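Below you'll find the structure, written out as structure tokens, and then a few comments.
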DNA sequence: TTTCATTTTTAGGCTTGCCTAAAAAACTGT
DNA sequence: ACAGTTTTTTAGGCAAGCCTAAAAATGAAA
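Residue numbers (the numbering used here), protein chains in the order written: chain P, 5 to 226; chain L, 5 to 226.
Right, dumping it as structure tokens:
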């Protein structure tokens, strides 16, 4: 088992995040932006990681994770999300406070710790933001989720995830009394600006901007 | 709140441990031994920490923690021991496996995390090895403990701590079915070599060497 | 007190991970 | 295709934290 520095782990995670949606290579600049560092530092580190066989690097062409690099990155995501569940479920943190702490906890090295934590939490499949948690083999459950913005009037749905996890957004949702598991029904859609009026089941009616609707994952229930 | 590197924190803890029993200054060599590093590296770091006002350093005379240094060191001990409780009580680790993991967890920076963890664990006063856990103000409960080796025949006592926490010792205790909370009675003391025959309440009779008896803290119950 | 062993410090050097500035390569539009 | 822009790499440097070897300070014993 190779042991990586925290910096190396953070770069792996950044490459992972950048490449997981579109399957193009991650560019030096994109990585630099995500890590808030200079492109020169990124080039340095990419060479190191390529030397360790964790990613495939070709000058001026960006990088892709190797199989081993992907495994390590997936395991980091697993650890991060498990710790987030712990912080929210067991220590009662609000979902907008857990990211930074999980960012530190994910670097703790102990496979047995992860395994026992997973068991203690009852092998959760999703983290507090609705993101799927990879299992010990790196497999993760698929969310059958769609964007709230794609629903039509009268559709009923349950909130299962957020696209964006910034503090401001999460805190705004709290203020609206929207959290994972909240059931809702669409009342009306305003084509003019894409905003929607929805009613929280057992609660009040609220109007959400298009921007908000585009950042909420739901599952239809009717 | 000053933020220290993990290396700086580890040095603080080492000085703390060395100076907590005898109130003499910690010597460069003693610190080097505890940190498994060279005396030269220690000198480097002591200058850094003295520069930050965390300890008092005089060439060739060793160091003592400053008030602030002591506070930081105590808080590290608090975090370490709280995480050990978590690992043993919640994740069901055995007491000889938790030190290295707690050593990593103690460096996670978040006062709120420590506070919530403490509450979640029900504000424990002692860690799985019987060592006292400082509270948020740095105060810790006194153990009314004595060494098993100081007991006389017929004395009854309960095991409340260990002097030494090496893996080999803890595993040996497990094999003897000795754990914190185990009640026992002294049967006989052999002055010749200091070994003792004791009986575990509700269990078998065992003989412990002087070395073992010198490393077990007990509280008399009769 | 003087010598000798031990402890501590200094000096110089290494890697990691970061920086800026400048050079080189790759894209873009005409 | 080539000029200009953007991206990426190279070069050189810095701080942290470690190392070894050598010098200096301390202290113990004769």
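From the three backbone atoms N, C-alpha and C, an ideal C-beta is built for every residue, glycine too.
These figures come from a predicted structure and were not determined experimentally.
Taking 7 Å as the cut-off between beta carbons, the residues of the segment 99-123 of chain P near chain L are 105, 108, 109, 112, 113, 114, 117, 120, 121, in sequence order. Judged by their CB atoms, residue 218 of chain L and residue 109 of chain L are not nearer to each other than the 8 Å cut-off. For residue 94 of chain P, the chain L residues whose C-beta falls within less than 7 Å of its own C-beta are 124, listed in chain order. Residue 145 of chain L is positioned such that its CB atom lies no closer than 8 Å to that of residue 224 of chain L. Using a Cβ distance threshold of 8 Å, residue 192 of chain P and residue 201 of chain P count as a contacting pair. Judged by DSSP in its simplified three-state form, residue 194 of chain P adopts coil rather than helix or strand. Close partners of residue 97 of chain L in chain P (Cβ separation under 9 Å): 116, 117, 120. About 7 Å separates the beta carbons of residue 189 of chain L and residue 159 of chain L, which is inside the 8 Å limit, making them a contact pair. Residue pairing by DSSP puts residue 60 of chain L in a beta bridge opposite L:68. The three-state reading of DSSP puts residue 224 of chain L in strand, counting E and B together. Taking 8 Å as the cut-off, the beta carbon of residue 121 of chain P is found no closer than this to the beta carbon of residue 86 of chain L. With a cut-off of 8 Å on Cβ pairs, the segment 30-42 of chain L is in contact with the segment 59-77 of chain L, counting three or more such pairs. The DSSP-derived three-state label of residue 204 of chain L is strand. In the assembly as shown, residue 17 of chain L is a buried residue. Its beta-carbon has 16 or more other beta-carbons within 10 Å.
Exclusion of the five residues before and after residue 54 of chain L leaves 61 as the residues of its chain whose Cβ lies within less than 6 Å of its Cβ. Listed in chain order, the non-local C-beta contacts of residue 90 of chain P below 7 Å within the same chain comprise 121, 125, local neighbours out to five positions each way being set aside.
In the structure shown, residue 105 of chain P falls within a helical segment according to DSSP collapsed to helix, strand and coil. Excluding five sequence positions before and after residue 185 of chain L, the CB atoms of its chain that fall closer than 7 Å to its own CB belong to 162, 163, given in chain order. For the pair residue 131 of chain L and residue 195 of chain L, the CB atoms are not nearer than the 8 Å cut-off. For the pair of segments examined, the segment 98-109 of chain P was found not to touch the segment 71-80 of chain P: the number of CB pairs separated by less than 8 Å stays below three.
Cβ neighbours of residue 118 of chain P within its own chain (closer than 6 Å, five residues either side excluded): 83. Of all alpha-carbon atoms in L:9, L:123, L:176, the one lying nearest the alpha-carbon of residue 56 of chain L is that of L:9.
Residue 211 of chain P is bridged by DSSP to P:201. The C-alpha of residue 20 of chain P is placed about 8 Å away from the C-alpha of residue 78 of chain P. Listed in chain order, the non-local C-beta contacts of residue 137 of chain P below 7 Å within the same chain comprise 82, 85, 86, 128, 129, 130, 131, 144, local neighbours out to five positions each way being set aside. CA-to-CA, the gap between residue 100 of chain P and residue 41 of chain P works out to about 24 Å. Bounds of any beta strand (DSSP E) do not take in residue 55 of chain L; it lies within the alpha helix (DSSP H) bounded by 43-55. In the DSSP assignment, residue 19 of chain P falls outside any beta strand (DSSP E) and within the unbroken alpha helix (DSSP H) covering 10-24.
Distance check between residue 46 of chain L and each of L:97, L:27, L:26, L:13 places L:13 closest, using alpha-carbon atoms only. In the DSSP assignment, residue 163 of chain L falls within the beta strand (DSSP E) that extends over 160-166. Taking the Cα positions, residue 70 of chain L is about 28 Å away from residue 105 of chain L. Here residue 23 of chain L has 29, 30, 68, 69 as same chain residues with Cβ atoms under 8 Å from its own Cβ, once five neighbours each way along the sequence are excluded. Taking C-alpha positions only, residue 59 of chain L is separated from residue 147 of chain L by approximately 28 Å. Counting only residues of its own chain and dropping the five nearest sequence neighbours on each side, residue 207 of chain L has a CB closer than 7 Å to the CB of 181.
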